[in-house]
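Novice: Last residue of the sequence shown: 208 in our numbering, with the numbers rising by one and none dropped. Below is the structure I would like to discuss, written out as structure tokens.
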Amino acid sequence: MSNLIKKLSLSLVFVLSFGMNAQAGGLAKSGEFSGAAFYSGKVLAMVMKGQAPVLIQAEYYGGTKNSAGSGLFQMNSFKCNFALEVVQMPQTQSIGFCTFVDADGDTMIQRGVINGTLGGPGKGVAKFVHGTGKYEGITGEAVWNISPVPSAEQGTFQGWNSFSGSYQLP
């Protein structure tokens, strides 16, 4: 009888452990997310009209953290490439792509449009356009609230974002 109880207890521990690991490693087929991101970048090229920039090409890198501490965007790194147009000083409109990489090496790509002010805050709306690994076939969108901080050196920019959105997987 004692042997049977040991076997049942061991089986229960195994089943519970496997279930918890499967849940921790899994990603829901749909859901909502929110979090914060930090970034640093540089201006790659600039077209001037007199003393004012009219078109800026920029590249930046950063990291994300999900508010829930797990799920989409938890501890991801990212790289973005954007083209920014000064539509009427200081108003800007940008379009570009960001690639996010998680701890497993799986990627998500978002295409975004940002409206803001030159050197100031902005609001971006992004759509998932591609994913690899666990993110294959991802769709959905996110809103990014962009808050720059003073530049560490000329020709660079830094800041943080708060973001939220929803996603679906096939």
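No residue lacks a Cβ here, since even glycine has one placed at the ideal position from N, Cα and C. Keep in mind the model is a prediction, meaning the values are calculated, not measured.
Give me the residue from Gly100, Pro208, Val151 and Gln126 with the minimum Cα distance to Val210.
Specialist: There is no way to answer for residue 210, as the model of the chain reaches only from 39 to 208.
Novice: Could you tell me the distance, in whole angstroms, from the CA atom of Gly162 to the CA atom of Asn104?
Specialist: Going by the C-alpha atoms only, they are around 18 Å apart.
Novice: Pull up the DSSP beta-bridge partners for Glu179, would you.
Specialist: Glu179 pairs with Lys165 and Ser204.
Novice: Less than 9 Å between the beta carbons of Met146 and Leu110, yes or no?
Specialist: Result yes, Cβ atoms of Met146 and Leu110 sit closer than 9 Å.
Novice: Going by CA-CA distance only, name the one from Ala75, Gln89, Thr170 and Ser200 that's closest to Pro208.
Specialist: The candidate whose alpha carbon is nearest that of Pro208 is Thr170.
Novice: In the DSSP output, what is Glu70 paired with across the bridge?
Specialist: According to DSSP, which records beta bridges pairwise, Glu70 is partnered with Ser204.
Novice: Alpha carbon to alpha carbon, how far is Ala96 from Ala83?
Specialist: Cα-Cα distance, rounded: 7 Å.
Novice: Which class does Gly107 belong to by DSSP, given the choice of helix, strand or coil?
Specialist: Three-state DSSP puts Gly107 in coil, outside helix and strand.
Novice: Go ahead and pull the three-state DSSP assignment for Gly193.
Specialist: Correct three-state label for Gly193: coil.
Novice: Using only alpha-carbon positions, find the residue among Glu174, Gly178 and Trp182 that is nearest to Gly160.
Specialist: Answer by Cα proximity: Trp182.
Novice: Please classify Ser202 as buried or exposed, where buried requires at least 16 neighbouring CB atoms within 10 angstroms.
Specialist: Ser202 comes out exposed.
Novice: Could you tell me which residues DSSP puts in a beta bridge with Val92?
Specialist: Its beta-bridge partners do not exist; DSSP assigns none.
Novice: First and last residue of the beta strand (DSSP E) that includes Gly154?
Specialist: From DSSP, the beta strand (DSSP E) with Gly154 extends over Thr145 to Thr155.
Novice: By the 10 Å Cβ neighbour count, where 16 or more other Cβ atoms means buried, how is Ala164 classified, buried or exposed?
Specialist: It counts as buried.
Novice: If Glu123 and Gln131 are in contact, beta carbons under 8 Å, what's the gap, nearest whole angstrom?
Specialist: Yes, they are in contact, since the Cβ atoms of Glu123 and Gln131 sit about 5 Å apart, within 8 Å.
Novice: In three-state DSSP terms, what is Gly134?
Specialist: It is a strand residue.
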